[in-house]
Amino acid sequence: MATEIDHEEIIRQLTAKLSEKYSGVDSARIGELVREEVNALAERPVQDYVTVLAERAVKKSLKRSEK
């Protein structure tokens with residue numbers, strides 16, 4: 001049985017979490033990155049790891065932009 005995933009809730013939670021961790025980065029920018037990643041993953045057949053995969057991708061992107 002498939003579980004319904006609330007992508008908007010994932011976006012809100014990840015944006016808040018990452019905005020706290022990366023306080024030097026504009027939260028709107030973090031929100032954009034999170035939304036892009038979650039939307040890209042939303043089309044995948046397995047949804048169990050959307051949160052983790054999106055968080056890792058955004059962190060990687062933010063770390064690259066710090067350099």
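Terminal number for the sequence shown in full-length UniProt numbering: 67, no gaps in between. Where is the CB? At the ideal position from N, CA and C, for every residue including glycine. Predicted, not measured: the structure shown is a model, and the values here were computed from it.
Apart from the 5 residues on each side of it in sequence, V58 sits with its Cβ closer than 8 Å to the Cβ of L14, L18, I30, L33, V34 and E37 in its chain, given in chain order. For I30, the enclosing alpha helix (DSSP H) starts and ends at S27 to A42. Annotation for L53: E37 and L41 place their beta carbon closer than 8 Å to its own, counting only its chain and skipping 5 residues before and after. Residue state for S23 is assigned as coil, using DSSP reduced to three classes.
Here the C-alpha atom of V50 lies approximately 22 Å from the C-alpha atom of S65.
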